Amino acid sequence: MKSKNIKSMFLVSALLCAVMVVPTFAAFQSIRISTTTAEATVTGGQLAMSIEIKRRDNDVTVSSLTWSNITAGSGWILADQYILLHSTLTQSGGIRIYTDNAANDANPKFGGSFGENNGAGLIDTTTNTIVLPLAWLIKDNKVDPTTGDPNSNQSWFYFKDKNQSNFWTTTDTKENSTVAKAGYGIHYSQGPGNYGSASSPDYVYIQANFTNAIGGIGGRKYRTTTLRIELYSE
Amino acid sequence: MTYIMWKRFIEKNLFILICLFFPTYLFSLRITPQRYEIFLAHNEEQEIKFYILNDRDFEQEIEISSRPWHVLKENKNIETNQWFSFSPQKLYLKPQEEGVVVCKVKSPEGAVGFLNNVLSFAEGYKYGGMVNLIISVPVYVIIKDNSYFDFEISSFVFRNNPVSKKDEFLVEIKNVGNVYIRPKGKLEVYKGKKIFYTKDFPELSPIFPEEKNFVFVSYEGNKKLSNGKYKVVLTLNIWDKVIKKEKDFVYKNGIFVVK
Numbered sequence: 092m093k094s095k096n097i098k099s100m101f102l103v104s105a106l107l108c109a110v111m112v113v114p115t116f117a118a119f120q121s122i123r124i125s126t127t128t129a130e131a132t133v134t135g136g137q138l139a140m141s142i143e144i145k146r147r148d149n150d151v152t153v154s155s156l157t158w159s160n161i162t163a164g165s166g167w168i169l170a171d172q173y174i175l176l177h178s179t180l181t182q183s184g185g186i187r188i189y190t191d192n193a194a195n196d197a198n199p200k201f202g203g204s205f206g207e208n209n210g211a212g213l214i215d216t217t218t219n220t221i222v223l224p225l226a227w228l229i230k231d232n233k234v235d236p237t238t239g240d241p242n243s244n245q246s247w248f249y250f251k252d253k254n255q256s257n258f259w260t261t262t263d264t265k266e267n268s269t270v271a272k273a274g275y276g277i278h279y280s281q282g283p284g285n286y287g288s289a290s291s292p293d294y295v296y297i298q299a300n301f302t303n304a305i306g307g308i309g310g311r312k313y314r315t316t317t318l319r320i321e322l323y324s325e
Numbered sequence: 005m006t007y008i009m010w011k012r013f014i015e016k017n018l019f020i021l022i023c024l025f026f027p028t029y030l031f032s033l034r035i036t037p038q039r040y041e042i043f044l045a046h047n048e049e050q051e052i053k054f055y056i057l058n059d060r061d062f063e064q065e066i067e068i069s070s071r072p073w074h075v076l077k078e079n080k081n082i083e084t085n086q087w088f089s090f091s092p093q094k095l096y097l098k099p100q101e102e103g104v105v106v107c108k109v110k111s112p113e114g115a116v117g118f119l120n121n122v123l124s125f126a127e128g129y130k131y132g133g134m135v136n137l138i139i140s141v142p143v144y145v146i147i148k149d150n151s152y153f154d155f156e157i158s159s160f161v162f163r164n165n166p167v168s169k170k171d172e173f174l175v176e177i178k179n180v181g182n183v184y185i186r187p188k189g190k191l192e193v194y195k196g197k198k199i200f201y202t203k204d205f206p207e208l209s210p211i212f213p214e215e216k217n218f219v220f221v222s223y224e225g226n227k228k229l230s231n232g233k234y235k236v237v238l239t240l241n242i243w244d245k246v247i248k249k250e251k252d253f254v255y256k257n258g259i260f261v262v263k
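These protein sequences, in sequence, are chains A and B.
Remember, the numbering used here sits 91 above the position in the first sequence when you count from 1.
Remember, the numbering used here sits 4 above the position in the second sequence when you count from 1.
Below is the structure:
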């Protein structure tokens, strides 16, 4: 290899080093506020988000959330993975988590009536009116949480589904179920005041309730293909 | 490392270096700007643009959808298409290509307070066929003819935040105007007639008409709260307006109760 080429490659490698320092988590970005008005102008603000799905036992990055070796009727069980959530938020924004089990990309789609509280979670791939509830919990460190019923353990939040009639319409359906993070911190417990300042990244754990799961030969499969994580500005 | 050592290192490890230096991004989308807030009189209209940059290293489809976000009950009969439209609904963007979504907004006759719609940008990519990320940005039209801003103090709390472990005041306020409020301003707490604590706080998430939410103000003072009468004065800077409200509380056994 000629010396000139080596010099070029040296330069290229230096440039590549510069590329490497770009944070890999700034995946979702929204920059600048624009106000068109005669009375006031607002500028500034930046949003960014990305996720990594990692195994709880060894932190290896994988592509999906799974539950393995589950016995029917076994209650709330943690997913084998957690979601590492990288974000930078302005005060006027947040991150919400929900399923969208009637969307075009839902497979299967929920076959029942959503009402106010149905259809959120993992859908039975054989009988699409059966749903296993999901719940999420957000932390600022990686320690596997204790599973628990969100009705009694307020660190856990039931998933809502976007198609439920009360989705995002009341303080209750926002602050007790949907919003994982706001500009002023992570939502450590159900309720509108329960946010705590915590730096990114945050750790989102998911649990499913297998109490009403149906067993059988070969095992029954439950899934959602529409778990949405939405970064929003308000 | 000397130049010769660099030379040998690069000759042997160029492929590995390239792999290391180009980390695989799982998702990458940038939206500019973050939001629009437009003051319009009835029948005025305006065109606005959102820019979408595909940061990924492959071409991707971005699906754009719109939905109402916060709708004032007085505006329930106003259909979105009476005041908001956008185009296109899908974009196919190559790596580092930027697309544009053009929106047309207006203030229809009869609109009250404010109108609000959200544009959501969803990437086609899904983590494990299960999880996907969406970014949503709002458009607000504030009706010049009849908008007004007002709030009330509902409750007052002092606590040690269980996550940050820092002390803070929480002032719960109710929006009694007909436009959202982005709380930003100053908290003053008086013990009797003497100032106990004062602090400016930055802009927080909006509170919509008839909704209550908390204003978070960190406490960095040394004085301890003691049982007795307190006055809470909250001053909010809302656009070009300054609104000041106060309320009396009694502090007893760690809890503030409305006097």
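Here a beta-carbon is modelled for each residue, glycine too, at the ideal position from N, C-alpha and C.
Keep in mind it's a predicted model, so treat the numbers as computed, not measured.
- Closer than 8 Å at the C-beta level to chain A, one finds these residues of the stretch 150-170 of chain B: V161, N165, P166, V167, S168, K170.
- With a cutoff of 7 Å on beta-carbon distance, V175/B and F153/B are scored as not near each other.
- In the displayed model, K77/B falls within a helix according to three-state DSSP.
- Using a 10 angstroms sphere on the CB of D215/A, the tally of other CB atoms reaches 16 or more, which defines it as buried.
- A Cβ-Cβ separation of about 6 Å places K249/B in contact with E156/B under the 8 Å criterion.
- Beta-carbon to beta-carbon, G210/A and N254/A are separated by about 6 Å, close enough to satisfy the 8 Å threshold.
- For L229/B, the CB contacts under 7 Å within the same chain, skipping 5 residues up- and downstream, are F162, Y255 in chain order.
- In the three-state scheme derived from DSSP, where H, G and I count as helix and E and B as strand, T239/B is classed as strand.
- Contact of A170/A with chain B is not assigned, every C-beta pair being separated by 7 Å or more.
- Secondary structure note for E113/B: it is in no alpha helix (DSSP H), with a DSSP letter that is neither H nor E.
- Going by DSSP, D263/A is part of the alpha helix (DSSP H) stretching over 262-266.
- With distances taken between CA atoms, S158/B lies nearest to K216/B out of G132/B, K216/B, G189/B, G181/B.
- Here V151/A is exposed. Its C-beta has fewer than 16 other C-beta atoms within 10 Å.
- DSSP lists V122/B as the beta-bridge partner residues of R71/B.
- The beta carbon of Y313/A sits no closer than 7 Å to any beta carbon of chain B.
- Interface criterion not met: the Cβ of I211/B is under 7 Å from no Cβ in chain A.
- Around the beta-carbon of Q298/A, 16 or more other beta-carbon atoms lie within 10 Å, marking it buried.
- The Cβ neighbour count for F260/B, taken over all protein chains shown within 10 Å, is at least 16; the residue is labelled buried.
- In terms of Cα proximity to N303/A, the closest of Y296/A, Y313/A, K265/A, D196/A is Y313/A.
- Close partners of L156/A in chain B (Cβ separation under 9 Å): Y131, G132, M134, V135.
- Counting only residues of its own chain and dropping the five nearest sequence neighbours on each side, E321/A has a CB closer than 6 Å to the CB of R187.
- About 20 Å separates the Cβ atoms of K108/B and I66/B, ruling out a contact at the 8 Å cut-off.
- Counting only residues of its own chain and dropping the five nearest sequence neighbours on each side, W167/A has a CB closer than 6 Å to the CB of T238, Q298, N300.
- When C-alpha distances from D61/B are compared across V237/B, V104/B, I185/B, Y129/B, the shortest belongs to Y129/B.
- Below 8 Å, too few C-beta pairs join the stretch 189-206 of chain A and the stretch 220-238 of chain B to call them touching: fewer than three.
- Annotation for D171/B: the continuous beta strand (DSSP E) segment containing it runs 171-179.
- Put simply, the stretch 127-141 of chain B does not touch the stretch 80-95 of chain B. Fewer than three CB pairs are less than 8 Å apart.
- CA-to-CA, the gap between K188/B and I305/A works out to about 52 Å.
- In this structure, the beta-carbon distance from F220/B to Y279/A does not fall below 7 Å.
- In the structure shown, N300/A adopts extended strand secondary structure according to DSSP, grouped into three states.
- Selection D252/A, T315/A, G284/A evaluated against F173/B yields G284/A as nearest (Cα-Cα).
- Along the stretch 136-148 of chain B, the positions whose C-beta sits under 7 Å from a C-beta of chain A are N136, L137, I138, I139, S140, V141, P142, read in chain order.
- Within 10 angstroms of the beta-carbon of Y40/B lie 16 or more other beta-carbons, which makes it buried.
- Within the DSSP secondary-structure output, Q100/B pairs in no beta bridge.
- Assigned with DSSP and collapsed to three states, T237/A falls in coil, not helix or strand.
- Residues of chain B whose Cβ lies closer than 9 Å to the Cβ of Y323/A are, in chain order, W73, V122, S124, I138, I139, S140, V141, P142.
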